[in-house]
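J.: So that we are looking at the same thing, I have put the structure below in structure tokens.
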Amino acid sequence: TVGCVAVDGNGNLASATSTGGLVNKMVGRIGDTPVIGAGTYADTRCAVSATGKGEAIIRGTVARDVAALMEFKGLSLEEAATCVVHERTPKGTVGLVAVSAKGEVAMPFNTTGMFRACATEDGYSEISIWPAAT
Ligand code: ASP
187 TVGCVAVDGN GNLASATSTG GLVNKMVGRI GDTPVIGAGT YADTRCAVSA TGKGEAIIRG
247 TVARDVAALM EFKGLSLEEA ATCVVHERTP KGTVGLVAVS AKGEVAMPFN TTGMFRACAT
307 EDGYSEISIW PAAT
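Below, the structure is given as structure tokens:
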């Protein structure tokens, strides 16, 4: 996956996701990436781009569920994204990058690692693969 989420200074959100699909996929398979609400989603609260096993991401409506938990349960972006990845999708299947209208960033994953990066206009940046040391 190459997934990107962005928010501008006015809180406008965007999400874009691209993929080559999974190795040995069935001919004609369409994964989660182009399915709005599964691999890609943005509304006025957050923008989300997911990676991993498309079948799990579609079943879990992963990207939309992050926004829905914020909308209907009042969770923060971090809480919503963590809930979806760690409580609502099978271990080893999913990761996502997400940003809220306020500029909060969440990049949880339930796989061994996930290539990810984040940059802000004030010069902050981070690049990681493995989970943060605890
Ligand atoms: N989510 C993609 C798919 O299942 C694979 C990936 O790029 O992570 O098609």
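So the sequence shown is numbered by the UniProt record's numbering: it starts at 187 and just counts up by one.
No residue lacks a Cβ here, since even glycine has one placed at the ideal position from N, Cα and C.
(1) Closer than 7 angstroms by C-beta to residue 136: which residues in its own chain qualify, once you throw out the five before and the five after it? Chain order, please.
(2) I need the boundaries of the beta strand (DSSP E) containing Leu263, first residue and last residue.
(3) Give a yes or no on whether the C-beta atoms belonging to Cys232 and Ser314 are separated by under 8 angstroms.
(4) Say yes only if the C-beta of Asp251 is nearer than 7 angstroms to one or more non-hydrogen atoms of ligand 1, and no if none qualify.
(5) Please confirm whether any heavy atom of ligand 1 lies closer than 7 angstroms to the CB of Thr205.
(6) Find the nearest neighbour of Glu307 within the set Val193, His272, Arg250, judged by alpha-carbon distance.
(7) Between Asp218 and the rest of its own chain, which residues show a CB-CB distance below 6 angstroms, the 5 nearest in sequence each way excluded?
(8) Cutting at 6 angstroms between CB atoms, please list the residues of its own chain near Trp316, excluding the five before and the five after it.
(9) Considering only heavy atoms of ligand 1, does any lie closer than 7 angstroms to the CB of Gly240?
(10) Quick one: is the Cβ of Leu199 within less than 7 angstroms of any heavy atom of ligand 1?
(11) Looking at ligand 1, does it come within less than 7 angstroms of Gly214, judged from the CB to the closest heavy atom?
(12) Since Gly281 and Gly238 should fall inside the 8 angstroms C-beta cutoff, what is the C-beta to C-beta distance between them, to a whole number of angstroms?
(13) Of all the options Lys288, Glu290, Cys190, which has the alpha carbon lying nearest to the alpha carbon of Val227?
(14) Comparing the CB of Gly246 with every heavy atom of ligand 1, is any distance shorter than 7 angstroms?
T.: So, from the data block:
(1) In the structure as shown, the chain starts at 187 and stops at 320, and residue 136 therefore has no counterpart that could be examined.
(2) Reading the sequence shown from its first residue, position 77 is the one you call residue 263. Taken as a continuous stretch (DSSP letters only), Leu263 belongs to no beta strand (DSSP E), being part of the alpha helix (DSSP H) at 263 to 273.
(3) Counting from 1 along the sequence shown, the entry for residue 232 is found at position 46. Counting from 1 along the sequence shown, the entry for residue 314 is found at position 128. It is not a contact, given that the beta carbons lie outside the stated cut-off.
(4) The count along the sequence shown starts at 1 and reaches residue 251 at position 65. It does not: the Cβ of Asp251 is nowhere closer than 7 angstroms to a heavy atom of ligand 1.
(5) As a first step, residue 205 is located in the sequence shown; it is residue number 19 there, counting from the start. Checking the Cβ of Thr205 against ligand 1 gives yes.
(6) Here residue 307 is taken as the residue at index 121 of the sequence shown, counted from 1. Among Val193, His272, Arg250, the Cα nearest to that of Glu307 belongs to Val193.
(7) Reading the sequence shown from its first residue, position 32 is the one you call residue 218. Counting only Cβ-Cβ distances below 6 angstroms, and skipping sequence neighbours, we find Ala224, Gly225, Gly240, Ile243, Ile244.
(8) Taking the sequence shown and counting its residues from 1, the one referred to as residue 316 is at position 130. Cβ within range, chain order: Gly299.
(9) As a first step, residue 240 is located in the sequence shown; it is residue number 54 there, counting from the start. Under cutoff, so the answer is yes.
(10) Against the sequence shown, residue 199 aligns to sequence position 13. Leu199: no, Cβ never under 7 angstroms from ligand 1.
(11) Taking the sequence shown and counting its residues from 1, one reaches residue 214 at position 28. No - ligand 1 has no heavy atom lying nearer than 7 angstroms to the Cβ of Gly214.
(12) Translated into positions along the sequence shown, residue 281 becomes position 95. Translated into positions along the sequence shown, residue 238 becomes position 52. The pair is a contact, with the Cβ atoms about 6 angstroms apart (cut-off 8 angstroms).
(13) As a first step, residue 227 is located in the sequence shown; it is residue number 41 there, counting from the start. Residue identity differs from the one stated: residue 227 is Tyr in this sequence, not Val. Nearest of Lys288, Glu290, Cys190 to Tyr227, Cα basis: Cys190.
(14) Against the sequence shown, residue 246 aligns to sequence position 60. Result no, Cβ not under 7 angstroms from ligand 1.
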